[in-house]
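Last residue of the sequence shown? That's 1462 in the working numbering, and every number before it is there in order.
Ideal Cβ placement from N, Cα and C applies to all residues, glycine included.
What follows is one structure encoded as structure tokens, with my remarks underneath.
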Amino acid sequence: MSKEHYVQVALDVPALPILTYKAGEGEPRVGDRCVVPLGARRELGLIVGMTSHIDIDEKKCKSYLRLINEIEPLSTHWLKFTKFAADYYQHTWGEVALANLPQFFRSKPGPRYAMSLAKLREPFKAVKVKQVPELTLNDEQARAVEVLKKHSGFGAFVLHGVTGSGKTEVYLRMMESVFKDKPQAQILFLVPEINLTPQLEGRVRSHFPDKAVVTMHSGLSQGQRAKAWLAMHEKRAQILIGTRMAIFASIPELSLVLVDEEHDLSYKAGDGIRYSARDLAVKRAQMLAIPVVLGSATPSLETWANVRVGHYNLLTLTKRAVQTAVMPQLRVIDPRHCSLIKGISTEIVEAVSDRLSRGEQCIIFLNRRGYAPVITCTSCGWLSKCPHCSTYAVYHKDRVRLICHHCGWSHAVYSRCPDCGNVDLTPMGAGTQRIEETIAHLWPEARILRIDRDSTQRKDAAEKAFASVHAGEVDILVGTQMVAKGHDFQNVTLVVVLNIDAQLVSANPRGEERAFANLMQVAGRAGRAGSRAEILVQSRFGDKLIFRALAAQDYCLFADRLLQERKDEYAAPFVSQALLTADATDIDKALEFLRLAVQQAEIIRNRYEDFAHVTVYDPIPMALMRVADRERAQLLVEADTKARLNRFLRLWYPAVVSLKSAVRWTMDVDPVDV
């Protein structure tokens, strides 16, 4: 290629457009990386296009400094996919494409680059896999596999199965069918949580002993992630199991995408680029004309709405995979009308004692970690507020500290009230640590294990903890939603749910939806091996529809009612939303920035008739206004369609950037908390 040709380069720099450089040494290809000069700095860039013509003086056009082409270039599909994500989530192409490469491939090469690359290409160590016996599919499972087998091209399938219905086995057979038709195929299998990966990885390796299986999640080192990414990029691996980050992996022969527990909030990024891996999975499959399967016992309302209008195909599993397995019976216990022992009803105490006497396991589910949400002074009413956030610091008894779960502030528990000096400080409410203490008092002979984010901080701690439950070394498992997802506990026959009322009365419009998902998921851990199982929920709201639907395992009843309510209220998913958030040292500064953003929005709305159906609301402080000494406000924008909202944001986002304020701000498209 002659030196007269130019390369178009994307850089991981906010608001920076594609830049043009002269082609320097080597033979550049679209999809290669290169090091380029940017002002006084040297930056890593991605070549996204080539041209023979430029609009500036050739003498002013600089050359790239180094071409990095030791691996195959990123594919045209991958580039188009990242460009779509950048446009949809209102970021530059480089911010999405480069930021989502493994650190090794988004850094400027050092002197040991070639040696490090060779190490990444070393064969994977052999993994010992426990062989899992092949299961016979029931009629519903076989029908779901057959539907996908007969399908060609793009299709979004929702595998809606009750807990324990054998969705994983269906996934494996679907994968098997793809490999049979296309031996060189590659498959992406997304999971919401790191602690689900080892169990699923074992199942997949056992089923496909001749396929190379790799994983990507934040629990791995940067080197391990880079090695897995490169193995997929170079087609040396066929199956990638990963959390949301894996959606941006380079997978040249991608032929099937699976998204397990698609409703899970973990698929939505909470910082940086606020993307939804589930939504991008559907788009990536559409762009490649391949199938995508979204699995869940409690699909998100967005997904269910797509099913109801016929955009997604529904595959239903109504029976548990193990023929003898039965769905747990539900009982709601009103704590106002029964005797309590340390906050737990006597009915629950008797039920747990009964299961323990039979050698069966119990789960106590409480979605609140720590010992108590707050401590208070019995004299003056002082509460343990975080000095940096508009919330309380949680009492962690095992560490004898108050800890803020939002900013991380920590302080030794006070021996006296900071306000009045009173020594009588009392914990209010209960978290998993307090429930664990209560259970140890009630059943001193029981083997008790607590699983939450605090107890599983060490590497492999969660995997070892769950292994001990599977091995029968635990009688009572206490935990947060970590214990509710996907685990196949064979000897659990009783699930107890405490403090679900906090979600049921939450101001969050999605509170009831998430409560139902939590209840359905944790209930599904019981009775999987055939024993009579029960779920006991301690709640003051036993007459709510959520419990009738749960008792009948009728997700459709619950979801259809919620969808109708959302439609009547013109709320998501019947409206498309974007949320502009701003934070500053003072709430007035954040609100003022958002008011300026509103002015820019109104200018655009008045200029284009197309935006008559775009609504820009007034800026308001966020519900949790202060976090880490920053005060936060938000501005909601709604439109009747995603396409119209995206057209509006493409004009509005640059206008917001032009405000050049010291206020920190973020644009969140399709926010999950409004």
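- Excluding residues up to 5 positions away in sequence, A1347 lie with their Cβ nearer than 6 Å to the Cβ of W1092 in the same chain.
- In the three-state reduction of the DSSP assignment, I806 falls in the coil class.
- With 16 or more other CB atoms across the displayed protein chains lying within 10 angstroms of its CB, L936 is buried.
- When DSSP reads this structure, Q1422 sits in a beta bridge with T1369 and I1408.
- In this structure the region 833-841 does not lie against the region 909-925, because fewer than three pairs of beta carbons, one per stretch, are closer than 8 Å.
- Under the three-state reduction of DSSP, A887 is assigned to coil, being neither helix nor strand.
- Scanning E981, P1087, D1458 and R1313 for the CA closest to the CA of E1301 turns up P1087.
- Between G814 and N857, the gap from beta carbon to beta carbon is short of 8 Å.
- Taken through DSSP and simplified to helix, strand or coil, H1199 comes out as strand.
- When DSSP reads this structure, I835 sits in a beta bridge with V797.
- If you draw a straight line from the Cα of D1122 to the Cα of H995, it is about 46 Å long.
- The criterion of a C-beta distance shorter than 8 Å is satisfied by A1370 and V1451.
- Around the beta carbon of R1420, a 10 Å sphere encloses 16 or more other beta carbons of the protein chains shown; the residue is thus reported as buried.
- Leaving aside the five residues that flank H1194 on each side, the residues in its chain whose CB is nearer than 8 Å to its CB run, in chain order, C1174, C1177, T1179, L1412, V1415 and A1416.
- W1440 and Q1387 have their alpha carbons spaced roughly 10 Å apart.
- Sixteen is the threshold: when 16 or more other Cβ atoms of the shown chains lie within 10 Å of the Cβ of S1084, as they do, the residue is buried.
- Sequence-distant partners of A1389 (beyond 5 residues in either direction) whose C-beta falls short of 6 Å from its own C-beta, in its chain, are V1404 and W1440.
- Where D1458 is concerned, there is no enclosing alpha helix (DSSP H), because DSSP gives it neither an H nor an E.
- Assignment of L1286 by DSSP, reduced to helix, strand and coil, places it in the coil class.
- Classified as buried, H1021 has 16 or more neighbouring CB atoms from the shown chains inside 10 Å of its CB.
- Membership of Q1387 in the alpha helix (DSSP H) is indicated by the continuous run I1375 to R1395.
- By a beta-carbon distance limit of 8 Å, R821 contacts L832. Their separation comes to about 6 Å.
- Only residues of its own chain outside the window of five on either side were considered, and among them I1323, L1338 and A1339 have a CB closer than 6 Å to the CB of L1118, listed in chain order.
- Residue burial annotation: T870 is buried, with at least 16 other C-beta atoms found within 10 angstroms of its C-beta.
- Taking 8 Å as the cut-off, the beta carbon of L978 is found closer than this to the beta carbon of I1035.
- A straight line joining the alpha-carbon of G1312 with that of A885 spans about 39 Å.
- A contact is defined here as three or more CB-CB pairs under 8 Å, and the region 876-893 fails this definition with respect to the region 962-970.
- Leaving aside the five residues that flank D1207 on each side, the residues in its chain whose CB is nearer than 6 Å to its CB run, in chain order, C1168 and W1170.
- Taking 8 Å as the cut-off, the beta carbon of L1046 is found no closer than this to the beta carbon of A932.
- Within the model, the alpha-carbon separation for R1393 versus Q1422 is close to 19 Å.
- The bridge partners DSSP lists for I1151 are L1265 and V1283.
- Counting the other CB atoms within 10 Å of its CB gives F1153 a total of 16 or more, which places it among the buried residues.
- Nearest Cα to L1307 within the set R1320, A914, S1319 and D1342: D1342.
- Excluding residues up to 5 positions away in sequence, S1243 lie with their Cβ nearer than 8 Å to the Cβ of A1249 in the same chain.
- Setting aside the 5 residues that flank it on each side, R1204 is surrounded in the same chain by N1210 and V1211, each with a C-beta closer than 7 Å to its C-beta; the list follows chain order.
- Cβ neighbours of I1129 within its own chain (closer than 6 Å, five residues either side excluded): V1137.
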